[in-house]
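Q: Structure provided below as structure tokens; questions to follow.
Protein chains in written order, with the working numbering: chain A, 1 to 259; chain B, 1001 to 1083.
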């Protein structure tokens, strides 16, 4: 039980020695007109995620045929059909042109969260990423309200039903995207912190049991990882697109009024 | 570590624990919602798709307060804004 044997083992086998929770690493930062713009780890990972999504899409949609379809094409058709049906059921037929945006956010969210399985930071555990998507949703909600009600109708909506409600209406308008972003970020970041604690605890426990290397971290965290990494990632992506669709379609008039 | 810092650290830790009391509300609320959804599906199995979707969105909204508590707790533990 010499300390030499412990030192011989590589870092991966001895497990984490200390727990640290930090924001994404800043690779370099620029100074543009007095504003400091940080080029972070997240940006690099986002481009990797985009490359993965692009690669998968190109792979799945090569050689599309009408007859004698390949397995690849069946998978692609299933995915497109599923998301189209979801949009049709949630938003109604006239919002069907929205499908590509919803599918994009869903893919980006789920791949961005699942990239943490490769041992890097999840893209979505950086608050700026879900905040950006929520800001897009906010812009789309506002645009929809103006499109169907005009600028006057949009401004009048704030004094609805009585003018005293003005501050509450403004607050609820701002709270919508904030809550969406915080929910996505909180779930993914919280899950990764809990997984970090589990790994740290198990590594400490195996050090206390005088094991050579953190053997307790093999297999046991996989059960929790199933929930915190796979289920939670999928669920948050789904909830994010569901809320986006519900809020945007609610901003317009109901289906039968629109004609 | 001087006395002041120690008090702040202890206060942050206690505050983080208190912030997570916010988890009770969403727990009860979501459990109630899921129970009702189960009843609805049992009564009308053909509507299970719509019921499940609505339930998930409702659960997500009900969860926000718990997530706010979690974020405050994380801030207090890891960022230590008062030290």
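Every residue, glycine too, gets a C-beta built ideally from N, C-alpha and C.
In terms of alpha-carbon separation, which member of A:40, A:179, A:70, A:77 lies closest to residue 24 of chain A?
A: Taking only the C-alpha atoms, the option nearest residue 24 of chain A is A:40.
Q: Which runs of the alpha helix (DSSP H) fall wholly inside the segment 1045-1078 of chain B and span at least 4 residues, in chain order?
A: 1048-1074
Q: Is it right to say residue 187 of chain A is buried, meaning 16 or more other beta carbons lie within 10 angstroms of its own, or is it exposed?
A: buried
Q: Rounded to whole angstroms, what's the CA-CA distance from residue 168 of chain A to residue 1001 of chain B? Just pull it up for me.
A: 45 Å
Q: Apart from the five residues just before and just after residue 125 of chain A, which ones in its own chain have a Cβ nearer than 6 Å to its Cβ?
A: Correct list, in chain order: 188, 189, 192.
Q: Does the beta carbon of residue 259 of chain A come closer than 8 Å to any beta carbon on chain B?
A: With a pLDDT of 44 at residue 259 of chain A, under the threshold of 50, the predicted position of this residue should be treated as unreliable, and no value is reported.
Q: Taking residue 86 of chain A as part of the alpha helix (DSSP H), name the residues at either end of that continuous run.
A: Residue 86 of chain A -> alpha helix (DSSP H) spans 71-91.
Q: Alpha carbon to alpha carbon, how far is residue 147 of chain A from residue 1016 of chain B?
A: 44 Å
Q: Count the other C-beta atoms from every protein chain shown that fall within 10 angstroms of the C-beta of residue 145 of chain A, then say buried if there are 16 or more, exposed otherwise.
A: buried
Q: On the three-state DSSP scale, how would you describe residue 39 of chain A?
A: Three-state result, residue 39 of chain A: strand.
Q: Could you run through the segment 1060-1071 of chain B and flag, in chain order, every residue whose CB is less than 9 Å away from some CB of chain A?
A: 1060, 1061, 1063, 1064, 1066, 1067, 1068, 1070, 1071
Q: Nearest to residue 1022 of chain B by CA position, among B:1073, B:1077, B:1083, B:1079, is which residue?
A: B:1073
Q: Hey, could you find the ends of the beta strand (DSSP E) residue 26 of chain A is sitting in?
A: Unbroken beta strand (DSSP E) run through residue 26 of chain A: 26-32.
Q: Measure from the C-beta of residue 179 of chain A to each C-beta in chain B and report whether the shortest distance is under 8 Å.
A: True, the Cβ-Cβ gap to chain B drops below 8 Å.
Q: When you compare each of A:108, A:59, A:141 to residue 251 of chain A by their alpha carbons, which one comes out closest?
A: A:141
Q: By DSSP, does residue 122 of chain A sit in helix, in strand, or in coil?
A: coil
Q: Around the Cβ of residue 28 of chain A, are there at least 16 other Cβ atoms within 10 angstroms (buried) or fewer (exposed)?
A: exposed
Q: Quick check on residue 153 of chain A: does DSSP put it in helix, strand or coil?
A: DSSP places residue 153 of chain A in helix when its eight states are reduced to three.
Q: Quick check: what's the CA-CA separation for residue 1045 of chain B versus residue 1032 of chain B?
A: One Cα belongs to residue 1045 of chain B, the other to residue 1032 of chain B, and the distance between them is close to 19 Å.
Q: What span of residues does the alpha helix (DSSP H) with residue 62 of chain A cover, start to end?
A: Taken as a continuous stretch (DSSP letters only), residue 62 of chain A belongs to no alpha helix (DSSP H), as it is neither H nor E.
Q: How would you list, in chain order, the residues of chain C whose beta-carbon sits under 7 Å from the beta-carbon of residue 151 of chain A?
A: Structure shown: chain C not included; protein chains present are A and B.
Q: Round the Cβ separation of residue 127 of chain A and residue 181 of chain A to the nearest angstrom and send it over; I've been treating them as touching at under 8 Å.
A: 7 Å
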